[in-house]
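Quick note on the numbering used here: the sequence shown kicks off at 88 and runs consecutively. Even glycine gets a Cβ: it sits at the ideal position worked out from N, Cα and C. Following: one structure in structure tokens, then a few remarks.
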Amino acid sequence: MRVDLYKVVMPSSFNLTKCVDRVFSKDLRYRNRQHGDDQMRLEALKKEGDLWYLDFVRIRMTQGPAKTPLRAPSTGFSLEPDEGFGEETAMLWNTATDWCVMQYNHHSLRPNSIAEYFTNYDAPSDYVVRFLPKIDPQILAKLRSKKIVTHFSIEVAPSEISNNDYDEGMSLISAAKNFEQHGADVVTIKLATRHGRGRSLNIDLEKIRDWISSVFAKEKRDAVLAASASIKRVPNERAEPIDLLAHQISKTVHVEPGTDRRLPREVRWRELFLLHELWARFMM
């Protein structure tokens, strides 16, 4: 099970604790909300002081797997019309610090969907809650200390990036949108300085990295396909390559499935707690 670290960011006008309580006070059937062709809901909630444990489920109503014995043909599951396949995502939210440790389930809900679930639960509203991935501070320290940028490259899919996303980025990235009208599925921008001159590209890698994190937080991982740079501290130093897509605080842990092949909720929550304690040094 992969687990990621996020910072929950929201305006002061939005009270997420009250929202979670209000949602969970409803009967299970009234917590369901549309998620594309499927459904989603807050399935379970447990509070231990400032630590709130949540479990979400995406209910896949349109397509699912077969039951396949090793010595017999595959067969379907017998499901009622109002039943689907549940894909679970666990989350540990420290309500005092707004740090969040979240399970990654490729088939289930991602941070942006969970944020929209709460903000749009009662009625459609502006997007106000965001889960920002925590980046390894060692990488950020390198970006801050090595100011000479000799090479930069980014590869984006223009159709996957909204106008708002472009507006939040730099003019360099916004230029990629111009190529969408020419039918370009992928646009690659490469910048480099001449060797031996000690010159630096005039770009802010921290800002670009923050923009990429913001795009990823909206579940648009196909929007930015690659991003890298070569950086150094002084002109005569050898440039170090940096992958701007990597280095999110993340860890894969082993969880033993139950007899029903699901990863038990209490075990998932326990692993989130252990990582919450382990990653305390990053929560600043």
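Inset, instruction - Using alpha carbons as the reference points, say which of L103, H122 and K154 lies closest to L141. - result: Here the question's residue 141 lines up with position 54 in the sequence shown. Residue L103 is the option with its Cα nearest to L141.
Inset, instruction - Look at the Cβ atom of W180, then the Cβ atom of L219, and state whether they are nearer than 9 Å. - result: On the sequence shown, residue 180 is found 93 positions in, with the first residue counted as 1. On the sequence shown, residue 219 is found 132 positions in, with the first residue counted as 1. No, the Cβ-Cβ distance between W180 and L219 is not below 9 Å.
Legend entry - Residues of its chain near P328, where Cβ-Cβ distance is below 7 Å and the 5 sequence neighbours each way are ignored: As a position in the sequence shown, residue 328 is number 241, starting the count at 1. Correct list, in chain order: S315 and S317.
Inset, instruction - Write down every uninterrupted run of the beta strand (DSSP E) in the stretch 136-212 whose length is 3 residues or greater and which is fully enclosed by it, in chain order. - result: 138-147, 172-181 and 186-191
Legend entry - Alpha-carbon to alpha-carbon, R120 and I295: Residue mapping note: residue 295 aligns to position 208 of the sequence shown, counting from 1. Residue mapping note: residue 120 aligns to position 33 of the sequence shown, counting from 1. In a straight line, the C-alpha of I295 is about 34 Å away from that of R120.
Legend entry - 3 or more residues per run - each beta strand (DSSP E) lying fully within the stretch 290-337: 311-319 and 327-330
Legend entry - 9 Å Cβ cutoff met for Y93 and V188: By one-based count along the sequence shown, residue 93 stands at place 6. By one-based count along the sequence shown, residue 188 stands at place 101. Against a cut-off of 9 Å, the Cβ pair of V188 and Y93 comes out as a contact.
Inset, instruction - Use the C-beta contact count for S161: other C-beta atoms within 10 angstroms, 16 or more gives buried, fewer gives exposed. - result: In the sequence shown, the residue the question calls residue 161 occupies position 74. It counts as exposed.
Inset, instruction - Kindly indicate which residue of N192, A177 and K221 has the alpha-carbon position closest to the one of A367. - result: Numbered from 1 along the sequence shown, position 280 holds the residue referred to as residue 367. Of N192, A177 and K221, the residue nearest in Cα terms is K221.
Legend entry - Residue environment, Q190, which counts as buried when at least 16 other CB atoms sit within 10 Å: Walking along the sequence shown from the start, residue 190 turns up at place 103. Classification for Q190: buried.
Legend entry - Simplified DSSP state of L92, which is helix, strand or coil: Locating residue 92 in the sequence shown gives position 5, counting from the first residue. Strand, per DSSP.
Legend entry - A271, enclosing alpha helix (DSSP H) - first and last residue: Here residue 271 refers to the residue found at position 184 when the sequence shown is read from its first residue. First-last for A271: undefined, no H or E at that position.
Legend entry - Residue of K113, D223, D91 and E135 minimising C-alpha distance to M371: Position 284 of the sequence shown, counted from the start, is the residue given in the question as residue 371. Of K113, D223, D91 and E135, the residue nearest in Cα terms is D223.
Inset, instruction - Name the residue from I290, I201, K113 and D125 whose alpha carbon lies nearest to the alpha carbon of A177. - result: Position 90 of the sequence shown holds residue 177. The option with the nearest alpha carbon to A177 is I201.
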